[in-house]
Amino acid sequence: MNKDETPQDKNQIPRSYPVDENSKKRQLDSFSGDPRDQFYTTDQGLRITDTDNSLTVGDRGPTLLEDFHFREKMMHLDHESIPERVVHARGTGVHGYFQPYNDSFKEYTKAKFLTDPSTKTPVFVRFSTVVGSRGSADTVRDVRGFATKFYTSEGNYDLVANNMPPFFIQDAIKFPDLVHSIKPEPHNEMPQASAAHDNFWDFASLVPESTHMLMWVLSDRAIPRSFRMMEGFGVHTFRFINEAGKGRFVKLHWRPMLGVKSLVWDEAQKLAGKDPDYLRRDLWDAIEAGNYPEFELGVQIIEEEDEHAFAFDLLDATKLVPEELVPITPIGKMVLNRNPDNFFAETEQVAFHPGNLVPGIDVTNDPLLQGRLFSYLDTQLNRFNSSNFVEVPINRPVVPVHNINGAGFMRHTVSKGRVNYTPNSLGGGCPMMAPENMGGYVHYTERVEGHKIRKRSESFNDHYSQATLFWNSMTEVEKKHIVSALHFELGKVETKAVRERMVGNLAHVDLELAALTAEGIGVEAPTGSVAETVKNTVSALKEKLSTKKMVDESPAVSQEKGKKKTVSTLKVAILADKGVDEKQVTQLKEALKAQGVEAKIISKFLGTIKGSHGGELEADKSHITAASVLFDAVLVPDGKGCVELLKKQGDALHFLNETFKHCKTIGALGEGIALLQASDLKGVEYAQPASSGVSTSKGVVTAGSEADLTTFAEAFLTSLSEYRHWEREEKEMIPA
Ligand code: HDE
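Using the working numbering, you'd call the opening residue of the sequence shown number 17 and step up by one each time.
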């Protein structure tokens, strides 16, 4: 320390430090603007002079209990956590708004936020994984939660959705069993954030209603590339009610404007180590960069008269309504444009509840949904240890709240007046009941009668048709991924009987699926009379259902078939070292940026890279901090010196091999082609390095040193828009 410096100066940030203006602004937003207000204070507002040293007797003596600042600071840390969510513990939140396209949905619902195109309704969305703890990795194989709180002018509406349309179970009473079976086993708390263990598959194999959902969980939908690139589904059938009181069944869907994209399994597993915050960071960075994720809300509408028209029950949450039977009509768009200011205050404390409804939207008798209506408030009482969690800013509606709910832990609102009951005369009868035509919520009038029984409806009995529908709708590549997911998940199951039982269930979905699965997990495939019996049962069921609306295939459930060829916000790594053609790199970066693609320069070390034209580039990441799995594609630019150096770097060669293994786009120019040749890209054809040719082969785009850069960039972007080049998977010989 400079001897002129006082201890006080030690706490100041040196003025000469470059400060990130954005983060400084965000920090200072909470201060009044008066420079004297920038002091650190206690919770009581007392300014303090030192937060680095406890109050002690002499500089080597014991700490004094009277140090109120120390005690307060430590007390806060000791109590900083609240119980994590029992499911969906790991999540990330974001602010935005929703706006309907027009007022056409007035015909179906009186919900103002869905029918007034002039209103932007603020929203808060929390994306999550389901099984893992708060500190688990983002890219695990799991369902993703997609919960949206709409702060509407009629009160808060919560759409608490998932990224898959069916659910594992039909009745909420099975939820505790499902959650226990999939969470880490109780004796040793393993495995973390994974269904790949005996308990889960034991349960799943004994609960055939889970089979349809399992197909989704085994598919690439369970390893999304980004929260910005996955769909959302309300799962249950809800009800829309219009001004005239007419009700209709609805299914709600979120569609990402960037299309649906997924990781591959090897990539997902590696990412869990390289960057456990991968999806969280992706969302945060996109929003900071102004690339606001957008989702379209769509609705399937089913007339009440058609309640029993389908080969499945609309109240059965293990089923979807194929889009081929009931198309999705877009209703409006959600734009997510602001990161939270504080993770704990907003993302951790947000409390969703499927029972937060507004006029025009109601629940149905789906027994899974009915159970959720109890669980959310109940679990939130546990999380917050108080019924006043609705008063936390992120949970508060934007409209005034008047009721008699008072007192309790951490009550924030200072209610006025003496009256806290209704009816009353002393308070002038306030708060009063709202008539329906003034926004009062009226539950949909539905006639219900029956005996008090514990019995599943027979219309819930078909557990396999939609699993088969899903399987039939997959491309060959998607089928292959499902089979290898089964090999992984069931391969981790030690109890052979469980593996066998699961193969028995899969036989009802598809005999080939069962056989392919059995092959990888050391059990017998159903053959001969067993297979014959299964076949007969399946066709008898089909026959029985054939008078109802059904389809055998639904291309809409295949993410490959519905692939949207977008490149916006994808990330490209440029491998560079001394001697790189820096002019070419700059031009390429510009060409990619023009299409919304972000390129980063990766080199052996951080720092300046001298180019072949005498210019310089700055490395964004070193090999030790980067990895191919963090990017969607890789480029090797021209430059003999650079390529000679890269050829000697195992990291660079591994980068290419791994990108190839994961079927992502690879590009190389001029001398750069030699690096591709030095790596292990099987069966690829290249452009001649000294030519003017451009070649695309299995998603590997190469251009000779005389080629036109714009033509190369176009070919590279076209390949990138394909996203994955699955033909490479045919050769399972890639050593990465
Ligand atoms: Fe949830 N679920 N769930 N769930 N769920 C919770 O509520 C529950 C279900 C979903 O980001 C919990 O506050 C039951 C379906 C999301 O904060 C809990 C049943 C769907 C989130 C709970 C279901 C969901 C939750 C845990 C079967 C898709 C995270 C913490 C009857 C439509 C919300 C909490 C967030 C969270 C119960 C089934 C979606 C325990 C009993 C189906 C996205 O209350």
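In this text, a Cβ means the ideal position worked out from N, Cα and C, and glycines have one as well.
Contact test: residue i Cβ vs the ligand HDE heavy atom, cutoff 8 angstroms
i, result
"GLY112", "no"
"VAL366", "yes"
"ARG101", "yes"
"SER391", "yes"
"ARG412", "no"
"HIS104", "yes"
"ARG388", "yes"
"PHE360", "no"
"ASP667", "no"
"PHE249", "yes"
"ASP724", "no"
"THR395", "yes"
"HIS252", "yes"
"ASN440", "no"
"HIS178", "Residue 178 is actually Asn in this sequence, not His. Yes, the ligand HDE has a heavy atom inside 8 angstroms of this Cβ."
"GLY371", "no"
"SER149", "no"
"GLY107", "yes"
Local Cβ density within 10 Å of residue i, reported as buried at 16 or more and exposed below that
i, result
"GLY544", "exposed"
"ARG472", "exposed"
"ALA589", "buried"
"CYS658", "buried"
"SER226", "buried"
"PHE647", "buried"
"TYR173", "buried"
"LYS620", "buried"
"CYS679", "buried"
"VAL458", "exposed"
"ALA513", "exposed"
"TYR480", "buried"
"THR511", "exposed"
"LEU10", "Lying before the first or after the last residue shown, residue 10 is absent from the chain, which here runs from 17 to 752."
Backbone CA spacing between residue i and residue j [nearest angstrom]
i, j, result
"SER391", "MET566", "33 angstroms"
"LEU529", "GLU339", "24 angstroms"
"LYS122", "GLY263", "12 angstroms"
"TYR124", "GLU540", "52 angstroms"
"GLU4", "SER707", "Look at the range of the chain in this structure, 17 to 752, and you will see that residue 4 is not part of it."
"PHE216", "PHE184", "12 angstroms"
"GLU362", "PRO370", "19 angstroms"
"PHE243", "VAL554", "37 angstroms"
"GLY595", "ALA719", "19 angstroms"
"GLY74", "TYR56", "24 angstroms"
"ASN419", "MET454", "17 angstroms"
"ALA325", "GLY709", "59 angstroms"
"GLU505", "ALA212", "4 angstroms"
"LEU685", "LEU622", "23 angstroms"
"ALA209", "ASP158", "8 angstroms"
"LYS577", "ASP236", "13 angstroms"
"GLN54", "HIS95", "25 angstroms"
"GLN665", "HIS639", "10 angstroms"
"GLY261", "GLU319", "13 angstroms"
"GLU535", "LEU222", "21 angstroms"
"PHE732", "SER489", "30 angstroms"
Beta-carbon gap between residue i and residue j smaller than 9 angstroms
i, j, result
"PHE9", "GLY109", "Outside the modelled stretch of the chain, which goes from 17 to 752, sits residue 9, for which no answer is possible."
"MET231", "ALA483", "yes"
"VAL280", "ARG740", "yes"
"SER144", "ALA105", "yes"
"VAL716", "THR681", "yes"
"ALA127", "ILE469", "no"
"ASP66", "ASP293", "no"
"SER179", "MET246", "The question names Ser, but residue 179 in the sequence shown is Asn. Their beta carbons are under 9 angstroms apart, which means ASN179 touches MET246 by this criterion."
"LEU385", "ALA333", "yes"
"PRO439", "GLY433", "no"
"THR624", "LEU633", "yes"
The ligand COA heavy atom lying under 8 angstroms from the CB of residue i
i, result
"ARG297", "Looking at this structure, you won't find the ligand COA anywhere; what it does contain is the ligand HDE."
Q) Enumerated in chain order, which unbroken segments of the alpha helix (DSSP H) with a length of 4 residues or greater are wholly contained in the segment 48–113? A) Complete alpha helix (DSSP H) runs here, min 4: 84–94.
Q.
So within the segment 618–663, which uninterrupted alpha helix (DSSP H) runs reach at least 4 residues, ignoring any that extend past its ends?
A. You should have 656–663.
Q) Which runs of the beta strand (DSSP E), 3 residues or longer, sit entirely within the segment 237–322? A) Within the segment 237–322, the complete beta strand (DSSP E) runs of at least 3 residues fall at 254–257, 263–272, 310–318.
Q: Scan the segment 179–208 and note each continuous beta strand (DSSP E) run of 3 residues or more that stays entirely inside, going in chain order.
A: Whole beta strand (DSSP E) segments, 3+ residues: zero.
Q | Inside the segment 659–742 only - beta strand (DSSP E) runs reaching at least 3 residues | A | Complete beta strand (DSSP E) runs here, min 3: 681–685, 710–713, 716–719.
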